[in-house]
Structure formats: C-alpha cells, structure tokens
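Input: a single structure, listed below in structure tokens.
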Amino acid sequence: MNLPTACPAAHTRLARWLRQHPTRQAWRISGLGPEVALYFALQPPALADEAWLAGWRPQPAADVAGLLDFAGGTDAEPSDPFTVFGNVRKKYLIEQRAGEKILGRTKGFTVEACAEGVAVAADSLQYPPNRTSPAAPDGGRCQQVEGAELAPACVSACRAACGNAVEQYAVLARSTTGFAVADDAQARASRACSRECAYECNKPGKFYGFQVTSRR
C-alpha cells in the first residue's frame with residue numbers, strides 16, 4: 001500500500017497501525033519534491049532486489065510512524081466528517097393509551113424526532129441527497145415528547161434525538177476507525193441538528209426531514 005504525504009489523516013491512521021506493530025518492517029522511498037517526499041508501503045515489494053535498486057529501503061515501523069507524524073498526522077487528527085439525517089413528525093393532540101389501544105385524546109402536541117449519524121463517505125449510498133421527505137432513518141434514535149405547547153415539545157424531542165444520534169455515531173466511529181469524534185465537534189453537530197430539527201418541527205404540517213453535516 002503506497003501512501004503520499006499529502007494525506008495527513010491517512011498518515012495518522014497508518015502511523016497508529018505501525019505503532020501497534022513495532023516489529024513490522026516498512027519500506028520507504030524518497031520522491032522528487034516536498035509534496036511527494038515520502039512514500040510508504042506496509043509490505044515490501046515482491047522482488048526485493050529490484051526494489052532495492054529502485055530506491056526502496058526497509059525501515060523499522062516505529063521510525064516510519066514518527067516520520068508520518070512529522071509529515072502531518074497526529075493522534076489529535078480530526079475525525080472524518082459525518083452527517084446527521086433525521087425527521088420529525090407531530091400530532092396536534094395527545095393520545096391516552098393502554099398498550100396499542102387508544103383510550104382517549106386531549107388537547108396538546110405529540111412530537112416524535114428521529115436522527116442518525118452517518119459518515120459522509122456513506123451518504124450517497126444510504127441517503128440520496130435529493131430526498132426531500134425521508135422515511136425514519138434505519139436504526140435511527142427516536143424521541144417522543146408530549147406537551148401543551150408546540151415549540152417546547154419540538155425543542156425537547158429534537159435535543160434528545162440529536163444528542164443520542166451524535167453520541168451513538170461517535171461510539172461507532174471510535175470502534176471502526178480508532179479515532180474519537182472530539183467533544184466540541186459532537187457539541188456543534190448536536191446543536192446544529194437540534195436547530196434544524198426544531199425549525200422543521202415548528203413549520204405547518206405534520207412531517208419533515210432534515211440533515212446537517214459536521215466537517216470537523
């Protein structure tokens with residue numbers, strides 16, 4: 001696997017892998033300019049003699065990890081961008097229920113907000129950007145709030161759904177990439193999601209979708 005120095009996030013991932021496997025040999029070759037100064041390979045080329053003549057040299061993994069960090073990657077490298085997709089629906093009443101059976105209805109509002117975080121790289125596959133009225137996100141985190149006034153019910157449901165979605169995405173991102181979503185990035189994404197959700201919730205009508213993207 002060759003990796004140019006122009007990709008600091010990729011540098012960080014490879015540096016972490018190398019530090020976890022200090023006994024592995026990494027092969028290094030010098031390029032022609034600062035933008036292509038170093039290339040790395042986790043596995044040596046198949047023909048070692050030809051590789052040596054071409055300028056490749058084996059180097060301890062720990063040393064290469066240090067070079068990668070110097071080239072632009074660190075453990076504090078920001079996580080990949082992600083999008084929070086969601087929808088909010090409301091009823092202009094509050095249902096009194098016993099299980100699935102409706103016993104009665106009273107004046108008020110019932111708001112259900114659902115949200116789910118998805119890596120930007122997966123957006124186009126899972127959520128077409130031109131979809132204007134998405135169904136509830138698969139696996140989305142939904143929160144239902146009832147209240148006498150619409151605006152407070154919207155805020156409460158949206159904050160809970162967005163907060164849960166961002167927190168759950170951060171856990172997933174950490175387990176799959178090894179990188180944590182920074183606390184401030186989580187807070188920004190949660191606030192932006194809550195604002196969009198509440199804005200849509202307060203519109204006339206019963207159902208709206210929304211999405212926000214965190215770039216850091």
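Residue numbers (UniProt numbering): 1 to 216. C-beta: ideal position from N, C-alpha, C; glycine also.
Asked	Found
Residue closest to E196, alpha-carbon to alpha-carbon, out of E167, C162, V120 and T176	C162
Boundaries of the beta strand (DSSP E) in which G104 is found, first to last residue	K101 to T106
C-alpha distance - T182 paired with L103, whole-angstrom precision	Checking the sequence shown, residue 182 turns out to be Ala, not Thr. Going from the Cα of A182 to the Cα of L103 covers about 46 Å.
Supposed contact pair N164 and R191 - C-beta distance, whole angstroms, cut 8 Å	That pair is no contact at about 14 Å.
Residue ranges of each beta strand (DSSP E) within the region 141-196, 3 or longer	141-147
Identity of the residues DSSP links to G209 by a beta bridge	N87
Exposure label - V99; buried when at least 16 CB within 10 Å	Reading the sequence as shown, one finds Gly at residue 99 and not Val. Classification of G99: exposed, given that the 10 Å Cβ count is below 16.
Own chain residues within Cβ distance below 8 Å of K107, not counting five before or after	L93, I94 and A148
L47 - DSSP class collapsed to helix/strand/coil	For L47, the predicted structure reports a pLDDT of 47, less than 50, and the residue's modelled location is therefore unreliable. The matter cannot be settled from this model.
Within 7 Å, strictly: CB atoms of V84 and V212	yes
Exposure label - A187; buried when at least 16 CB within 10 Å	exposed
One or two residues paired with C114 in a DSSP bridge	N87 and C142
Integer-rounded CB distance, given that N202 should sit under 8 Å from C154	6 Å
Spatial distance of K91 from V166 (CA atoms)	26 Å
Identified DSSP bridge partners for E95	R105
T110 versus A119, G117 and R97, residue with shortest Cα-Cα distance	R97
CB of E112 within 7 Å of CB of Q144, strictly	yes
Given S214 as reference, the closest of A160, A151, A119 and K101 once Cα atoms are compared	A119
Residue burial classification, G178 (beta-carbon count within 10 angstroms, cutoff 16)	exposed
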